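See structure below.
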Amino acid sequence: MRRAWSAPGHAGSYHPKEKMNYHNLHLPWQRRKHDTCRSVEMSGQDPLSLLDLAAQSLLNDEDSAVRALEKLPVGLFPALSTAAFDGGHTKTVTAMVQAWPFPCLHLGSLRDQSITQDLLEAVLDGLELVPTSAACPRKSKLKVLDFTHDFEHSNWEECSETTPAPFVITHMLEEPEADPLAPSSKEQPPHHREPVEIHTDLFLGGLFGFFHLSGFPSYILQRVEKSHGCLRLRCRTLVINQVPLRSLVEILGMLELETIREVRLHHRSRFCFRSDLIQFFTHVGQMSNLGHLIMNDIPWDFPADCFSLLSPLGHLQKLHLIFGCLSGQLQKMLSGLQKPLETLVINGCRLTENDITYLSQSIHATHLKELVLCGNNLSQMVPGPLEVLLGEVSGTLQHLNLRSCRLKEAQLRALLPALCCCSHLRSLVFYDNVISTSGIMNVLQHLAALKELKRVQYPVPAECVVYLDEYRWGNLNRVELARVHAKLQEMLQALQRADMELTNSTSVA
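Under the working numbering, the letters of the sequence shown match residues 4 to 512, in that order.
Put into structure tokens, the structure is as follows:
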């Protein structure tokens, strides 16, 4: 039965013993958005519902609001909670967390700071403290406090489509007890209570080689460390920008590494001790569920054999390498991975023929869905290793990026037979290579047979611009470029491929 609570003045009533579907629970801010859209258009304001007004009135006396939680129907918690958070009623917030009747409470990203420090403290107090006799004796069902930006990678079954503003109930894992209003006088002591998981994304940033963890992340880390196991921190995405590796290693030691799904490391410092790098990669190798690793601006003297410490990673699917010290080191960096990658981004890494040859012979080649080789000079690899690589990935490849690879028209023409075998190709990027209009037309004519190819980003034709070198150009003739673009569109129309989205480098953000 998809029967939820009704606000005063609406048909229907709430019956606590009925099974409720919380996947489709309409929260107060949703109802205001949809039910009052016409009045908003007329008055320019969004009037509060009777339910919201009643919640605000109850919160005028917080002691009464806390006592009311004991008999508050489950479906009315969202409205009262919204008002409590909006009004900064910390005492009520703490009590509501202790009586929360759902498994998950989403409070918005810590990076957006959607709640105040006082409210955050009130929430964490509610998680750690055992309710007193004066507080609501209702037993909390809360298992997860969610600070992630979205619910895409939630560990739970499926998440609500509602917008987290200011918080949202994501889902109900189990049916409420037959009588959820019955008081429970036996509260477990803290060390016997099931720990509550805090799900969050961490954004760590330093400046000029210095790093000091501050704000909400620092406070939460301190509370988790002092909670004696009552709180458990599960970090989903870890973004690291200019943080000294020694400080980073200390922070990683405080996290449950197996919960991290994505790491983005931006490290421009030229001063790295090998021991710190080894410790960092040792920690990353323990992130057993890591699926996405981005490494940007790594020092030139980076020891590629550190990647051997990543061999335990069994879930790594996406690897982004964006730095200039990889030349000739690709085999050292990838051979330790026991399972093939689905996405490989190698941007500006000065790849050699040996690198491309190794990649074509590796376990990754026949599994790659996305391959980005932009910013590498591949002009000396056609004919040769690059053709072989494209042939190997042809069975699975969906996205290919050859931007700024110094490919000339003859070289691109030589790659066409291998490209035409990529039957699952969905997008192709080859702009910022010096190609004439006729060369671009030739590419499109051959690839028009690939029915799944929907997006192509092509270079500004050589006739429309003065190229200063392989990467820079000036004096763009926009009139001629528009004429060429129209001509390409007409050709695709004639080839019955009007469904293909065609853009050039001037229209790429």
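Ideal Cβ positions, reconstructed from N, Cα and C, are used throughout, including at glycine. Quick caveat, the model's predicted, so the values are computed rather than measured.
TODO: Could you check what DSSP says for His488 in three-state terms: helix, strand or coil?
DONE: The residue you call residue 488 lines up with position 485 of the sequence shown. Three-state DSSP puts His488 in a helix.
Open item on the list: Give me, in chain order, the residues of the same chain whose beta-carbon lies closer than 8 Å to that of Arg264; leave out the 5 immediate sequence neighbours on both sides.
Closed with: Reading the sequence shown from its first residue, position 261 is the one you call residue 264. Counting only Cβ-Cβ distances below 8 Å, and skipping sequence neighbours, we find His156, Arg239, Thr240, Asn292, Leu293, Gly294 and His295.
Open item on the list: Given this structure, state the Cα-to-Cα distance separating Gly256 from Ser250, to the nearest angstrom.
Closed with: In the sequence shown, the residue the question calls residue 256 occupies position 253. In the sequence shown, the residue the question calls residue 250 occupies position 247. Their backbone Cα atoms lie some 10 Å apart in a straight line.
Task: Cβ shell of Thr127 (< 6 Å), same chain only, five flanking positions each side left out - done: To locate residue 127, count along the sequence shown from 1; it is residue 124. In the sequence under discussion, the amino acid at residue 127 is Leu, which differs from the Thr named in the question. Cβ within range, chain order: Arg226.
Task: Span of the alpha helix (DSSP H) around Asp149 - done: Against the sequence shown, residue 149 aligns to sequence position 146. From DSSP, Asp149 is part of no alpha helix (DSSP H) but of the beta strand (DSSP E) over Val147 to Asp149.
- [ ] Please go through the stretch 373-454 and give each complete alpha helix (DSSP H) segment of 4 or more residues, from N-terminal end onward.
- [x] 388-396, 412-423 and 440-450
Task: C-alpha distance - Gly111 paired with Ile118, whole-angstrom precision - done: Sequence index remark: in the sequence shown, residue 111 carries index 108 (1-based). Sequence index remark: in the sequence shown, residue 118 carries index 115 (1-based). Each residue's alpha carbon lies about 8 Å from the other.
Task: Residue span of the alpha helix (DSSP H) that contains Gly208, given as start and end - done: For the purposes of this step, residue 208 is taken as the residue at position 205 of the sequence shown. Looking at the DSSP string, Gly208 is not in any alpha helix (DSSP H); the run it does join, the beta strand (DSSP E), is Val199 to Gly208.
- [ ] Check whether the Cβ atoms of Leu491 and Leu505 lie closer than 8 Å to each other.
- [x] Along the sequence shown, one-based indexing puts residue 491 at 488. Along the sequence shown, one-based indexing puts residue 505 at 502. A contact, by the Cβ cut-off of 8 Å.
TODO: Report the partner residues of Glu265 according to the DSSP bridge assignment.
DONE: Counted from its first residue, the sequence shown places residue 265 at position 262. According to DSSP, Glu265 bridges with Thr240 and His295.
- [ ] Would you mind reading off the limits of the beta strand (DSSP E) that contains His286?
- [x] On the sequence shown, residue 286 is found 283 positions in, with the first residue counted as 1. Careful: His286 lies outside any beta strand (DSSP E), inside the alpha helix (DSSP H) at Arg277 to Gly288.
TODO: Would you mind working out which of Leu400, Asn357 and Ser278 sits nearest Gly331, comparing C-alpha positions?
DONE: Start at 1 with the first residue of the sequence shown, and residue 331 comes out as number 328. When each option's Cα is compared against that of Gly331, the closest is Asn357.
Task: Cβ neighbours of Ser365 in the same chain (closer than 7 Å, five flanking residues each side left out) - done: The residue you call residue 365 lines up with position 362 of the sequence shown. Leu337.
Task: DSSP-derived helix/strand/coil call for Thr355 - done: Numbered from 1 along the sequence shown, position 352 holds the residue referred to as residue 355. Reduced to three states, the DSSP call for Thr355 is coil.
Open item on the list: Does Gln499 come out as helix, strand or coil in the three-state DSSP assignment?
Closed with: As a position in the sequence shown, residue 499 is number 496, starting the count at 1. Gln499 falls in the coil class under three-state DSSP.
Open item on the list: Is the separation between the beta-carbon of Thr1 and that of Thr203 shorter than 8 Å?
Closed with: No statement about residue 1 is possible, as the shown extent of the chain runs from 4 to 512 and does not include it.
- [ ] Check whether the Cβ atoms of Lys411 and Val437 sit closer than 8 Å, and answer yes or no.
- [x] Counting from one through the sequence shown, the residue named residue 411 turns up at place 408. Counting from one through the sequence shown, the residue named residue 437 turns up at place 434. Closer than 8 Å, so yes.
Task: Start and end residues, alpha helix (DSSP H) containing Val126 - done: Translated into positions along the sequence shown, residue 126 becomes position 123. That run of the alpha helix (DSSP H) goes Gln120 to Glu131.
Task: For His323: DSSP bridge partner residues - done: As a position in the sequence shown, residue 323 is number 320, starting the count at 1. His323 pairs with Ile297 and Val348.
Open item on the list: Relative to the C-alpha of His231, which candidate in Asp89, Val199, Asp300 and Asn380 has its C-alpha closest?
Closed with: Start at 1 with the first residue of the sequence shown, and residue 231 comes out as number 228. That would be Val199, whose Cα lies nearest to the Cα of His231.
Task: Arg406 classed as buried or exposed, judged by whether at least 16 other C-beta atoms fall within 10 angstroms - done: Taking the sequence shown and counting its residues from 1, one reaches residue 406 at position 403. Buried.
TODO: Take Leu354 and list the residues in its own chain whose beta-carbon comes closer than 6 Å to its own, dropping the five residues that flank it on each side.
DONE: Locating residue 354 in the sequence shown gives position 351, where the first residue counts as 1. So the list reads Asn379, once near-sequence residues are dropped.
Task: Beta-carbon proximity of Pro81 to Val147, cut-off 8 Å - done: Residue numbering aside, residue 81 sits at position 78 when the sequence shown is read from its first letter. Residue numbering aside, residue 147 sits at position 144 when the sequence shown is read from its first letter. No, Cβ-Cβ distance for Pro81 and Val147 is not below 8 Å.
Task: Short Cβ contact (8 Å threshold) for Leu400 with Tyr361 - done: Here residue 400 is taken as the residue at index 397 of the sequence shown, counted from 1. Here residue 361 is taken as the residue at index 358 of the sequence shown, counted from 1. No, Cβ-Cβ distance for Leu400 and Tyr361 is not below 8 Å.
Task: Rounded C-alpha distance that separates Gly477 from Val468 - done: As a first step, residue 477 must be located in the sequence shown, where it is residue number 474. As a first step, residue 468 must be located in the sequence shown, where it is residue number 465. Each residue's Cα considered, the two are about 6 Å apart.
Task: Exposure of His318, with buried meaning 16 or more beta-carbon neighbours within 10 Å - done: What you label residue 318 is simply residue 315 of the sequence shown in a count that begins at 1. Flag for His318 reads exposed.
Open item on the list: Let's see if you can read the secondary structure: which residues bound the beta strand (DSSP E) around Leu248?
Closed with: Numbered from 1 along the sequence shown, position 245 holds the residue referred to as residue 248. Leu248 -> not in any beta strand (DSSP E); alpha helix (DSSP H) instead, spanning Leu248 to Leu255.
Task: Same chain only: Cβ atoms within 6 Å of Lys321, ignoring 5 sequence neighbours per side - done: Locating residue 321 in the sequence shown gives position 318, counting from the first residue. For Lys321, where only same-chain residues beyond five positions count, the Cβ hits under 6 Å are His295 and Thr346.
Task: For Glu504, the first and last residue of its enclosing beta strand (DSSP E) - done: Position 501 of the sequence shown, counted from the first residue, corresponds to residue 504. Taken as a continuous stretch (DSSP letters only), the beta strand (DSSP E) holding Glu504 covers Glu504 to Asn507.
Task: For Cys467, three-class secondary structure by DSSP - done: On the sequence shown, residue 467 is found 464 positions in, with the first residue counted as 1. DSSP places Cys467 in helix when its eight states are reduced to three.
Task: Reduced DSSP category for Arg235 - H, G, I as helix; E, B as strand; rest coil - done: Counting from one through the sequence shown, the residue named residue 235 turns up at place 232. Three-state DSSP puts Arg235 in a strand.
Task: Option in Leu403, Ser363, Leu374 and Ser397 with minimal Cα separation from Gly387 - done: Residue numbering aside, residue 387 sits at position 384 when the sequence shown is read from its first letter. The shortest C-alpha separation from Gly387 is found at Ser363.
Open item on the list: Could you compute how far the alpha carbon of Arg5 sits from the alpha carbon of Gln499?
Closed with: To locate residue 5, count along the sequence shown from 1; it is residue 2. To locate residue 499, count along the sequence shown from 1; it is residue 496. The predicted model places Arg5 with a pLDDT of 31, which falls under 50 and marks its position as unreliable; any figure quoted below should be read in that light. Using only the alpha carbons, I get a separation of about 47 Å.
Open item on the list: Less than 8 Å between the beta carbons of Glu261 and Leu236, yes or no?
Closed with: Here residue 261 corresponds to residue number 258 of the sequence shown, with the count starting at 1. Here residue 236 corresponds to residue number 233 of the sequence shown, with the count starting at 1. No, the Cβ-Cβ distance between Glu261 and Leu236 is not below 8 Å.
Task: Close Cβ partners of Asn350 (< 6 Å) along its chain, the five nearest in sequence each way excluded - done: Residue numbering aside, residue 350 sits at position 347 when the sequence shown is read from its first letter. Answer for Asn350: Ile325, Cys377 and Gly378, listed in chain order.
Task: Gln245, DSSP secondary structure in three states - done: Within the sequence shown, the letter at position 242 stands for residue 245. Coil.
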